[in-house]
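Structure record follows, encoded as structure tokens.
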Amino acid sequence: MPRKSFKIKNTDNAKQLAREIKRRNRLNSIKNELESGRVSSFDQIFAIISETRLATELGISFYAFRKKINDPGEFTVGEMMKFASLVGVKYDVIASFILDRIRSKSKSRIFRE
Numbered sequence: 061m062p063r064k065s066f067k068i069k070n071t072d073n074a075k076q077l078a079r080e081i082k083r084r085n086r087l088n089s090i091k092n093e094l095e096s097g098r099v100s101s102f103d104q105i106f107a108i109i110s111e112t113r114l115a116t117e118l119g120i121s122f123y124a125f126r127k128k129i130n131d132p133g134e135f136t137v138g139e140m141m142k143f144a145s146l147v148g149v150k151y152d153v154i155a156s157f158i159l160d161r162i163r164s165k166s167k168s169r170i171f172r173e
């Protein structure tokens, strides 16, 4: 009987390891896309990792995160630091990405170039 529980435990560990590898691959993909400047919207990020999952990873409730996506100016410096740390990029990369989202949604002349 102990052998079965051992096999189940190994299977659970293998599944958990596989999930963690997938998670790291997704975050690394986001990192590569952000660093290269190929990401121009949150939708491109959500094609790699779900909106719900990213909100959870950042420690933000789904509804608060959705609000911040619709109004990127609502992101705090701390949240942007968490985002940068999560995907493994410098803060400047995330700050620039968020600022570009603010510019694209803003109607103010201040952000027009």
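Following the numbering used here, the residues of the sequence shown are numbered contiguously, the last one being 173.
Glycine included, each C-beta is placed from N, C-alpha and C at the ideal position.
Alpha-carbon to alpha-carbon, residue j and residue i
i      : j      : result
THR136 : THR71  : 40 Å
ASP131 : LYS91  : 22 Å
ILE158 : GLY133 : 8 Å
SER141 : ILE129 : The sequence given here has Met at residue 141, not Ser. MET141 and ILE129: Cα-Cα distance of roughly 16 Å.
ARG126 : ASN73  : 33 Å
LEU94  : VAL147 : 9 Å
LYS165 : ALA124 : 18 Å
Counted within 10 angstroms of its Cβ, other Cβ atoms place residue i as buried (16 or more) or exposed
i      : result
LEU77  : exposed
ALA107 : exposed
ARG98  : exposed
ILE154 : buried
PHE143 : buried
ILE105 : buried
ARG161 : buried
ILE81  : exposed
Residue interval of the alpha helix (DSSP H) (run including residue i)
i      : result
ILE109 : Neither: ILE109 is in no alpha helix (DSSP H) and is coded neither H nor E.
LYS165 : 151-165
I'd like the ranges of any alpha helix (DSSP H) spanning at least 4 consecutive residues and lying wholly in the region 112-146. 122-130
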